[in-house]
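Protein chains in written order, with my numbering: chain A, 10 to 347; chain B, 10 to 347.
Here you go:
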C-alpha cells in the first residue's frame, strides 16, 4: 500500500523531509545560524554582499501538467523559476524556504521526490533549504518557494538601466519550452525530444547572470519567464525606453523550425510568445558587447544572439521584417488572469 | 458592476497594488536597494544584525472562514502569523514578500482590502512589501507570505535552549481564539464579543519577543501557533527536556470560563489545545523571571503567567491537577494532515 500524507501526518512528513535534506542536501554553511526547526531561520549576512529575495509559486494544472511531469521534475522546475530570478539580478542562490499546499492522499514518496528535484537544482550552488511550511490544500496542489541569494554590493543588475541605442542580447533559444509543450498537447509524447525535454526540465542561466553582473558593464538584465516579448516589455517599461527588433536575427533552432512546420505555426511566434524558458535578455552599450559575449561564453555553451537595440520611443516595440517592412508589437506577457 | 481580476488582468492588478502600497504603506527604507518591479528585491543588511526569514501560508476554508472574516481581516491575520514567527526569535519585521493564489472572479477591491490588512500590521514597524507573486488558483485561494526580519547579532532566541528546572512563562490567554471560533461555529455570531474578536483579529507579541531577546537572559522562546501544548512539545523536543505544568496556574480568563460553560467544554482544554493565538512561551532560570516579567510588562499590557517548569524527562509533559493527581499529556499540536 502506498503511504500517504494522511498516514504519516504533518510532523511525520517534516521528520522525513529533514532526514532527506540531511542525507542528500548540501552541508549547512557556517553563516547559517538557525536552520529548519524553529519559528524562523537566521543567518549572518556576508560583509560586502547585498541580499536578494524572490518568491514564485507553481500551481498544479496551471503551471505544470502532472501527466507529463514526474514529481522530481516538478520540484526542479519550481526551483529553477526562482534560481532564474536571483540569477537575473546577478546573484547566486543561498537559502530556500518552501511552502507546500498538498492533498492528504498525496504519496509521501511523491513529496520526497519533489524535494529531490529541489536539491538537484540547489546542490550545485551549495544552497540549502532552511525552512518552509506544509499545509493541506483541498484541491490543486501548490509549491511556493522563497529564494534568498546574494550579490556583490553595488553589482546588482536591474531591469531599469537600459538606455536608447543599447544592444539587446538574448541567451539560448527562447520559445523551445512552449514548442515542446505544444508537441505534447498535440499528441507527440516523445519524452526524449529536445523540445519536450526543454519543457519538462527547463534550465536557468544563473551562472551567466552572475558572470555578466560581476564582470561586464551590462546596463540591464531580465529573465524570459513571461516570454521574450513580455519580458522585453517589462524591461522597456522600467527603463523608460523602446526597442527595435530584427526578425532575421532571432535565434530559432532547427528543432523549433521543424516543430513549427509540423504544428503549422510561425517559429518566430515561439520565440516571441509566452514560454517556460528561463533565458536572459541582456542590454549593454555597443562597445561592451564583446565583454558580455565573453562573460556568457565562460559560463554557458549555448548561443548569445544580438536581436535588436533599444530606442528612445518609450514602451514602443517595433519589429523589422526580412522584407524591410515594420510591424508594431504589443508587449503582452503571460497574464494569469487574462 | 464589481470589477474582478479577470477585468483588470495580472499586470493591471499589480499596478493597482503598487499604487496602494505607495500611498498607504511605510516609506521605503534607505537600505532597500531594489523594491517591487524587478526579478528579485535587494537590500543591504545592517551591520551587527542577523537576518531572519520565515514563511507561512493561509488557505481558504482551512485557516480562515470567509463568511466570518472580511478580506482586510484575512490580510491582517496572514501577516500576524508571520510577524509572530519573527518576534518569537527576538526579531523585528522589515520586508515582506506576498504570494497570492486567487480566483479570476475575485473582486479587485477584495485584493486591495487584503493588502490594507497587510499594511495594518506592517506599518507600525515601518516594514514594507518588497515583492511577491500573483497567480490564478482554480479553487480555494491561498496567501503565502515570506517575512524577512532582523535581530541583533547573537541575540536570536531559539526553541532549543531550555534546561531542566527552567521556569515556563506564557503571555496572554492562549485558547481565546479557539473559544471565539467555537462560539461562531455554534451560532453565537457576535462580532464584538472579546473571544470572537480574538479569533477574527488575532494579535502577535513581536514587541514582547524582541524586548525579551534583547534585554533578558531567557533560555528559549516559541509562539503558540500550534496551540500551547503543541508548541511546548516542540520546545521540549528541540531542547531535549520535559515539562511539568500546574493546571491551577493556567491563565483562563472570565470570558473563556463563560464560553466553556456555555459550550459545555473544559476551559483548560481551550488553553492547552489548538487555537489561532500568537502568544509566546518563554523559558528562563528562576533568578531571571523578574527580568523577563519586566521586559514583557514594558511592551504588553496583558498578563504573563508562570505555568510550570522544565524537567529532565525528555519529551514528557506532565500535568499536576488541583487535587494533587498527575496526568501525562501528549503534545500533539495542530496537524494539517491528521
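All residues carry an ideal CB built from backbone N, CA and C; glycine is no exception.
Query - chain A within 8 angstroms of residue 63(B), Cβ atoms only - result: Within the second chain, numbered from 1, the residue matching residue 63(B) stands at position 54. So, interface residue.
**Item:** Spatial neighbours of residue 277(A) in its chain, beta-carbon cut-off 8 angstroms, leaving aside the 5 residues before and after
**Value:** Your numbering for residue 277(A) matches position 268 in the first chain. Only 256, 259, 261 meet the Cβ criterion.
CA nearest to the CA of residue 16(A), picked from 39(A), 114(A), 81(A): Taking the first residue of the first chain as position 1, residue 16(A) is located at position 7. Nearest C-alpha to residue 16(A): 114(A).
query: What is the residue span of the beta strand (DSSP E) that residue 230(A) lies within?
result: One-based indexing of the first chain puts residue 230(A) at position 221. That run of the beta strand (DSSP E) goes 229–232.
If we define contact as Cβ-Cβ less than 8 angstroms, is residue 98(B) a contact residue for chain A? Taking the first residue of the second chain as 1, we reach residue 98(B) at position 89. At least one chain A Cβ lies under 8 angstroms of residue 98(B).
*asked:* Is residue 29(A) close to the ligand FAD? I mean its beta-carbon at under 7 angstroms from any heavy atom of the ligand.
replied: This structure does not include the ligand FAD; it has no bound ligands of any sort.
Checklist entry - Hey, would you say residue 214(A) sits closer than 8 angstroms to residue 297(A), going by beta carbons? => result What you label residue 214(A) is simply residue 205 of the first chain in a count that begins at 1. What you label residue 297(A) is simply residue 288 of the first chain in a count that begins at 1. Contact flag unset, no.
Cβ closer than 9 angstroms: which chain A residues qualify as neighbours of residue 227(B)? Translated into positions along the second chain, residue 227(B) becomes position 218. Those do not exist, as residue 227(B) stays about 14 angstroms from chain A at its closest Cβ, beyond 9 angstroms.
Flag residue 7(A) as yes if its beta-carbon sits less than 8 angstroms from any beta-carbon of chain B, otherwise no. With chain A covering 10 to 347 only, the question about residue 7(A) has no answer from this structure.
Please determine if the stretch 145–154 of chain B and the stretch 232–252 of chain B are in contact, where contact requires at least 3 C-beta pairs separated by less than 8 angstroms. no
- [ ] Compute the distance between the beta-carbons of residue 338(A) and residue 329(A), then report whether it is under 8 angstroms.
- [x] Walking along the first chain from the start, residue 338(A) turns up at place 329. Walking along the first chain from the start, residue 329(A) turns up at place 320. Contact flag unset, no.
- Query: Quick check: the stretch 290–308 of chain A against the stretch 194–208 of chain A, are there 3 or more CB pairs under 8 angstroms?
  - Reply: no
- Kindly indicate which three-state DSSP category residue 249(A) falls into: helix, strand or coil? Counting from one through the first chain, the residue named residue 249(A) turns up at place 240. DSSP places residue 249(A) in coil when its eight states are reduced to three.
Open item on the list: Can you pull out the residues from the stretch 116–128 of chain A whose beta carbon lies closer than 9 angstroms to at least one beta carbon of chain B?
Closed with: none
Residue 303(A) to residue 221(A) span [Cα, whole Å] = Position 294 of the first chain, counted from the first residue, corresponds to residue 303(A). Position 212 of the first chain, counted from the first residue, corresponds to residue 221(A). Residue 303(A) and residue 221(A): Cα-Cα distance of roughly 9 angstroms.
- Message: Taking 8 angstroms as the threshold (beta carbon to beta carbon), is residue 223(B) in contact with chain A?
- Response: The residue labelled residue 223(B) in the question sits at position 214 within the second chain. Chain A, which has no Cβ nearer than 8 angstroms to the Cβ of residue 223(B), makes this no.
Check your understanding: Using a Cβ cut-off of 7 angstroms, which residues of the stretch 34–68 of chain B contact any Cβ in chain A, in chain order?
Key -> 42, 43, 46, 47, 48, 49, 50, 51, 52, 53, 54, 59, 60, 61, 62, 63, 64, 65, 66, 68
Legend entry - Stretch-stretch touch, CB-based, cutoff 8 angstroms, three pairs: the stretch 162–173 of chain A with the stretch 118–128 of chain A: no
### Message
I need the DSSP call for residue 319(A), collapsed to helix, strand or coil.
### Response
Taking the first chain and counting its residues from 1, one reaches residue 319(A) at position 310. Of the three classes helix, strand and coil, the one that applies to residue 319(A) here is strand, per DSSP.
Checklist entry - CA-CA distance, residue 317(B) and residue 82(B)? => result If you number the second chain from 1, residue 317(B) lands on position 308. If you number the second chain from 1, residue 82(B) lands on position 73. Roughly 34 angstroms between the two C-alpha positions.
Exposed or buried, what is residue 310(A) when buried is set at 16 or more other beta-carbons lying within 10 Å of its beta-carbon?
Translated into positions along the first chain, residue 310(A) becomes position 301. Exposed, since its Cβ has fewer than 16 Cβ neighbours within 10 Å.
Q.
Taking CB distances under 8 angstroms as the criterion, tell me whether residue 134(B) reaches chain A.
A. Counting from 1 along the second chain, the entry for residue 134(B) is found at position 125. Answer no: the Cβ-Cβ gap between residue 134(B) and chain A never drops below 8 angstroms.
Worksheet item: Run through DSSP, which three-state label would residue 182(A) get?
Response: Position 173 of the first chain holds residue 182(A). Three-state result, residue 182(A): coil.
Check: Going by beta carbon distance, what residues of the same chain come within less than 7 angstroms of residue 347(A), once the five residues before and after it are set aside?
Finding: Within the first chain, residue 347(A) is the residue found at index 338, counting from 1. Note that residue 347(A) has pLDDT 49, beneath the 50 cutoff, so the model's placement of it is unreliable and no number is given.
Report task. Using the Cα positions of residue 99(B) and residue 62(A), report the straight-line distance between them to the nearest angstrom. Result -> Looking up residue 99(B) in the second chain gives position 90. Looking up residue 62(A) in the first chain gives position 53. The straight-line gap from Cα to Cα measures roughly 21 angstroms.
Looking at residue 282(B): is its Cβ nearer than 8 angstroms to the Cβ of residue 184(B)?
One-based indexing of the second chain puts residue 282(B) at position 273. One-based indexing of the second chain puts residue 184(B) at position 175. Against a cut-off of 8 angstroms, the Cβ pair of residue 184(B) and residue 282(B) comes out as a contact.
So residue 208(B) and residue 265(B) are in contact, right, with Cβ under 8 angstroms, and what is the actual spacing, rounded? Your numbering for residue 208(B) matches position 199 in the second chain. Your numbering for residue 265(B) matches position 256 in the second chain. With a Cβ gap of about 12 angstroms, residue 208(B) and residue 265(B) do not count as contacting.
Does any CB atom of chain A fall closer than 8 angstroms to the CB of residue 142(B)?
Position 133 of the second chain, counted from the start, is the residue given in the question as residue 142(B). Yes, residue 142(B) lies at the interface with chain A (some Cβ there is under 8 angstroms from its Cβ).
**Item:** Through-space distance from residue 325(B) to residue 252(B), alpha-carbon basis
**Value:** Along the second chain, read from residue 1 onward, the residue named residue 252(B) stands at position 243. Along the second chain, read from residue 1 onward, the residue named residue 325(B) stands at position 316. If you take the alpha carbons of residue 252(B) and residue 325(B), they lie about 6 angstroms apart.
key: C-beta neighbour in chain B for residue 146(A), strict 8 angstroms   = Along the first chain, one-based indexing puts residue 146(A) at 137. Taking Cβ atoms only, chain B reaches closer than 8 angstroms to residue 146(A), which makes this a yes.
From the DSSP output, in three-state form, read off residue 13(A) for me.
Residue numbering aside, residue 13(A) sits at position 4 when the first chain is read from its first letter. In this structure, residue 13(A) counts as strand in the three-state DSSP scheme.
Practice prompt. Establish whether the CB of residue 77(B) and some CB of chain A are separated by less than 8 angstroms.
Written response: In the second chain, residue 77(B) corresponds to position 68, counting from 1. With 8 angstroms as the cut-off, residue 77(B) does not count as an interface residue toward chain A.
- Task: Classify residue 93(A) as buried or exposed, calling it buried when 16 or more other Cβ atoms lie within 10 Å of its own Cβ.
- Result: Taking the first residue of the first chain as position 1, residue 93(A) is located at position 84. When all chains shown are included, residue 93(A) counts as buried.
| task | Note down, in chain order, all residues in the stretch 158–180 of chain A with a beta-carbon under 8 angstroms from any beta-carbon belonging to chain B. | result | 158, 160, 162, 165, 167, 168, 169
Check your understanding: Can you tell me where the alpha helix (DSSP H) with residue 125(A) in it begins and where it stops?
Key -> For the purposes of this step, residue 125(A) is identified with residue 116 of the first chain, where counting begins at 1. It spans 117–131 - the alpha helix (DSSP H) in which residue 125(A) sits, taken as one unbroken run.
Margin query: With distance defined between alpha-carbon atoms, name the residue in 46(B), 173(B), 110(B), 323(B) nearest to residue 67(B).
Written below: Translated into positions along the second chain, residue 67(B) becomes position 58. Measuring from the Cα of residue 67(B), the nearest candidate turns out to be 110(B).
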